[in-house]
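Residues 42 to 200 in my numbering are what the sequence shown lists, from first letter to last.
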Amino acid sequence: MDKKGQKSFTVDEALQKLMHYCSYRDRSQKEVEDKLDELRMIPEAKEKIIINLMQENFLNEERFARSFVRGKFRIKKWGRIKITQELKKREISGPVIKLGLTEIKEEEYRKTLYELAEKKAEKITEPNIFKKKKKLADHLLRKGYESGLVFDCINEITN
(Lines of atoms letter the chains of each structure in order from A and count residues from 1; the text may use other names and numbers.)
(Lines give C-alpha, C1' and ligand atoms only; values in the text may rest on other atoms or scores of the structure.)
Protein backbone atom coordinates (compact mmCIF):
# COMPACT_ATOMS: atom_id res chain seq x y z
CA MET A 1 0.00 0.00 0.00
CA ASP A 2 1.22 3.49 -0.77
CA LYS A 3 0.61 6.60 1.31
CA LYS A 4 -2.89 7.18 -0.15
CA GLY A 5 -3.99 3.66 0.77
CA GLN A 6 -3.95 2.43 -2.83
CA LYS A 7 -2.38 -0.89 -3.76
CA SER A 8 0.79 -0.61 -5.80
CA PHE A 9 1.40 -3.18 -8.51
CA THR A 10 4.51 -4.89 -9.79
CA VAL A 11 5.10 -4.82 -13.55
CA ASP A 12 4.02 -8.48 -13.78
CA GLU A 13 0.83 -7.88 -11.77
CA ALA A 14 -0.04 -4.85 -13.89
CA LEU A 15 0.71 -6.81 -17.06
CA GLN A 16 -1.67 -9.59 -15.97
CA LYS A 17 -4.38 -7.03 -15.16
CA LEU A 18 -3.94 -5.35 -18.55
CA MET A 19 -3.94 -8.69 -20.41
CA HIS A 20 -7.32 -9.38 -18.85
CA TYR A 21 -8.46 -5.81 -19.59
CA CYS A 22 -7.52 -6.20 -23.26
CA SER A 23 -8.80 -9.75 -23.66
CA TYR A 24 -12.52 -9.13 -23.18
CA ARG A 25 -12.69 -6.17 -25.61
CA ASP A 26 -10.30 -4.59 -28.08
CA ARG A 27 -8.67 -1.51 -26.58
CA SER A 28 -6.83 1.48 -27.99
CA GLN A 29 -3.35 2.25 -26.80
CA LYS A 30 -4.72 5.41 -25.15
CA GLU A 31 -7.22 3.35 -23.09
CA VAL A 32 -4.38 1.08 -21.96
CA GLU A 33 -2.19 4.08 -21.07
CA ASP A 34 -5.07 5.61 -19.09
CA LYS A 35 -5.55 2.31 -17.24
CA LEU A 36 -1.83 2.19 -16.44
CA ASP A 37 -2.08 5.76 -15.14
CA GLU A 38 -4.92 4.61 -12.85
CA LEU A 39 -2.63 1.85 -11.59
CA ARG A 40 -0.02 4.60 -11.09
CA MET A 41 2.73 2.86 -13.02
CA ILE A 42 5.96 4.72 -13.76
CA PRO A 43 6.72 5.61 -17.42
CA GLU A 44 9.36 2.88 -17.83
CA ALA A 45 6.96 0.22 -16.56
CA LYS A 46 4.13 1.57 -18.76
CA GLU A 47 6.34 1.35 -21.83
CA LYS A 48 7.46 -2.19 -20.99
CA ILE A 49 3.86 -3.34 -20.43
CA ILE A 50 2.57 -1.73 -23.64
CA ILE A 51 5.36 -3.30 -25.72
CA ASN A 52 4.62 -6.67 -24.14
CA LEU A 53 0.87 -6.33 -24.83
CA MET A 54 1.63 -5.50 -28.48
CA GLN A 55 4.07 -8.39 -28.89
CA GLU A 56 1.52 -10.81 -27.38
CA ASN A 57 -1.18 -9.30 -29.64
CA PHE A 58 -3.38 -8.18 -26.74
CA LEU A 59 -3.04 -4.62 -28.01
CA ASN A 60 -3.47 -3.97 -31.73
CA GLU A 61 -4.56 -0.53 -32.93
CA GLU A 62 -5.72 -1.74 -36.35
CA ARG A 63 -7.85 -4.50 -34.83
CA PHE A 64 -9.27 -1.97 -32.34
CA ALA A 65 -10.11 0.51 -35.12
CA ARG A 66 -11.78 -2.18 -37.24
CA SER A 67 -13.93 -3.51 -34.40
CA PHE A 68 -14.78 0.04 -33.25
CA VAL A 69 -15.93 0.96 -36.78
CA ARG A 70 -17.99 -2.24 -37.15
CA GLY A 71 -19.66 -1.76 -33.78
CA LYS A 72 -20.49 1.93 -34.09
CA PHE A 73 -21.77 1.53 -37.64
CA ARG A 74 -23.80 -1.66 -37.18
CA ILE A 75 -25.15 -1.02 -33.69
CA LYS A 76 -25.35 2.76 -33.33
CA LYS A 77 -25.68 3.47 -37.08
CA TRP A 78 -23.03 6.20 -36.96
CA GLY A 79 -21.67 7.73 -40.15
CA ARG A 80 -18.00 7.88 -41.17
CA ILE A 81 -17.48 11.45 -39.90
CA LYS A 82 -18.61 10.70 -36.34
CA ILE A 83 -16.68 7.42 -36.26
CA THR A 84 -13.52 9.20 -37.48
CA GLN A 85 -13.91 11.92 -34.82
CA GLU A 86 -14.31 9.33 -32.08
CA LEU A 87 -11.24 7.39 -33.24
CA LYS A 88 -9.21 10.62 -33.31
CA LYS A 89 -10.31 11.30 -29.71
CA ARG A 90 -8.80 7.91 -28.88
CA GLU A 91 -5.55 9.03 -30.56
CA ILE A 92 -5.77 6.54 -33.43
CA SER A 93 -3.58 7.60 -36.38
CA GLY A 94 -5.03 8.64 -39.75
CA PRO A 95 -3.77 5.59 -41.71
CA VAL A 96 -5.20 3.21 -39.08
CA ILE A 97 -8.54 5.08 -39.16
CA LYS A 98 -8.60 4.65 -42.96
CA LEU A 99 -8.00 0.91 -42.56
CA GLY A 100 -10.77 0.70 -39.96
CA LEU A 101 -13.24 2.49 -42.22
CA THR A 102 -12.76 -0.21 -44.88
CA GLU A 103 -15.00 -2.33 -42.64
CA ILE A 104 -17.98 -0.32 -43.93
CA LYS A 105 -19.18 -1.41 -47.37
CA GLU A 106 -20.48 1.49 -49.49
CA GLU A 107 -23.74 -0.25 -50.43
CA GLU A 108 -24.50 -1.08 -46.78
CA TYR A 109 -23.58 2.49 -45.74
CA ARG A 110 -26.03 4.08 -48.16
CA LYS A 111 -28.74 1.57 -47.33
CA THR A 112 -28.34 2.36 -43.61
CA LEU A 113 -28.47 6.11 -44.28
CA TYR A 114 -31.71 5.74 -46.26
CA GLU A 115 -33.29 3.51 -43.61
CA LEU A 116 -32.36 6.02 -40.87
CA ALA A 117 -33.71 8.89 -42.94
CA GLU A 118 -37.03 7.18 -43.72
CA LYS A 119 -37.53 6.12 -40.10
CA LYS A 120 -36.79 9.65 -38.81
CA ALA A 121 -38.89 11.32 -41.54
CA GLU A 122 -41.95 9.34 -40.37
CA LYS A 123 -41.50 10.69 -36.82
CA ILE A 124 -41.13 14.36 -37.79
CA THR A 125 -44.58 15.95 -37.58
CA GLU A 126 -43.50 19.35 -38.95
CA PRO A 127 -46.02 20.46 -41.64
CA ASN A 128 -43.58 22.87 -43.34
CA ILE A 129 -41.58 20.75 -45.82
CA PHE A 130 -38.47 22.98 -45.56
CA LYS A 131 -38.41 22.80 -41.76
CA LYS A 132 -39.03 19.05 -41.95
CA LYS A 133 -36.09 18.62 -44.35
CA LYS A 134 -33.88 20.73 -42.08
CA LYS A 135 -34.78 18.66 -39.01
CA LEU A 136 -34.08 15.47 -40.93
CA ALA A 137 -30.75 16.81 -42.26
CA ASP A 138 -29.68 17.94 -38.79
CA HIS A 139 -30.43 14.48 -37.39
CA LEU A 140 -28.44 12.67 -40.09
CA LEU A 141 -25.52 15.11 -39.88
CA ARG A 142 -25.39 14.62 -36.08
CA LYS A 143 -25.18 10.88 -36.74
CA GLY A 144 -22.01 11.61 -38.71
CA TYR A 145 -23.07 11.22 -42.33
CA GLU A 146 -21.50 13.32 -45.07
CA SER A 147 -23.55 16.36 -46.08
CA GLY A 148 -23.58 15.52 -49.80
CA LEU A 149 -25.00 12.06 -49.12
CA VAL A 150 -27.49 13.45 -46.60
CA PHE A 151 -28.89 16.04 -49.00
CA ASP A 152 -29.10 13.55 -51.90
CA CYS A 153 -30.92 11.13 -49.61
CA ILE A 154 -33.36 13.75 -48.27
CA ASN A 155 -34.21 15.00 -51.75
CA GLU A 156 -34.86 11.44 -52.87
CA ILE A 157 -37.10 10.39 -49.98
CA THR A 158 -39.11 13.62 -49.62
CA ASN A 159 -40.03 14.03 -53.30
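Yeah, the Cβ is synthetic: ideal placement off N, Cα and C, and Gly gets one too.
Looking at Val73: is its Cβ nearer than 9 angstroms to the Cβ of Ala106? Taking the first residue of the sequence shown as 1, we reach residue 73 at position 32. Taking the first residue of the sequence shown as 1, we reach residue 106 at position 65. For Val73 and Ala106, no; Cβs fall outside 9 angstroms.
With three or more C-beta pairs closer than 8 angstroms as the rule, is the stretch 111 to 119 touching the stretch 72 to 87? Touching, no, given that fewer than three Cβ pairs across the two stretches are closer than 8 angstroms.
Please confirm whether Phe99 and Glu127 have their CB atoms less than 9 angstroms apart. In the sequence shown, the residue the question calls residue 99 occupies position 58. In the sequence shown, the residue the question calls residue 127 occupies position 86. It is not a contact, given that the beta carbons lie outside the stated cut-off.
Taking the beta carbon of Ile92 as the centre, do at least 16 other beta carbons fall within 10 Å, making it buried, or is it exposed? Numbered from its first residue, the sequence shown carries residue 92 at position 51. With fewer than 16 other Cβ atoms within 10 Å, it is exposed.
For a test of the three-state rule: what should DSSP assign to Arg107, helix, strand or coil? Locating residue 107 in the sequence shown gives position 66, where the first residue counts as 1. Arg107 falls in the helix class under three-state DSSP.
DSSP state of Ile122, grouped into three classes? Locating residue 122 in the sequence shown gives position 81, where the first residue counts as 1. In the structure shown, Ile122 sits in a helix (DSSP, three-state: H, G or I).
With distances taken from CA atoms, which of Leu94, Thr166 and Leu182 is nearest Tyr62? The residue labelled residue 62 in the question sits at position 21 within the sequence shown. That would be Leu94, whose Cα lies nearest to the Cα of Tyr62.
Could you pull out every residue in the same chain whose Cβ sits closer than 7 angstroms to the Cβ of Asn195, ignoring the five residues on either side in sequence? One-based indexing of the sequence shown puts residue 195 at position 154. Per the sequence shown, the amino acid found at residue 195 is Ile instead of Asn. Excluding sequence neighbours, Ile195 sits near Ala158, Lys174, Leu177 and Ala178.
Could you give the uninterrupted runs of the alpha helix (DSSP H) lying entirely in the stretch 57 to 89, keeping only those of 4 residues or more? With a minimum length of 4 residues, the continuous alpha helix (DSSP H) runs that stay inside the stretch 57 to 89 are 70 to 79.
So Ser69 packs on Arg131, CB below 8 angstroms; how close in whole Å? As a first step, residue 69 must be located in the sequence shown, where it is residue number 28. As a first step, residue 131 must be located in the sequence shown, where it is residue number 90. Correct: roughly 4 angstroms between the Cβ atoms.
Grab the span of the alpha helix (DSSP H) containing Tyr201 for me, first residue to last. Nothing about residue 201 can be read from this structure; the chain reaches only from 42 to 200.
Please identify the residue among Asp53, Val52 and Lys123 whose C-alpha is closest to the C-alpha of Leu182. In the sequence shown, residue 182 corresponds to position 141, counting from 1. Taking only the C-alpha atoms, the option nearest Leu182 is Lys123.
Label Glu215 either buried or exposed according to how many other C-beta atoms from any shown protein chain fall within 10 Å of its C-beta, with 16 as the threshold for buried. This structure cannot speak to residue 215, because the chain is shown only from 42 to 200.
Helix, strand or coil, according to DSSP, for Ser49 in the structure here? Residue numbering aside, residue 49 sits at position 8 when the sequence shown is read from its first letter. The three-state reading of DSSP puts Ser49 in coil, since its state is none of H, G, I, E or B.
Less than 7 angstroms between C-beta atoms, sequence neighbours within five positions excluded: which residues of the same chain meet that for Val191? Residue 191 sits at position 150 when you count from the first residue of the sequence shown. The residues are Ala178, Leu181 and Leu182.
Alpha carbon to alpha carbon, how far is Thr51 from Glu148? Give it in angstroms, no decimals. Counting from one through the sequence shown, the residue named residue 148 turns up at place 107. Counting from one through the sequence shown, the residue named residue 51 turns up at place 10. Rounded to the nearest whole angstrom, the CA to CA distance from Glu148 to Thr51 is 50 angstroms.
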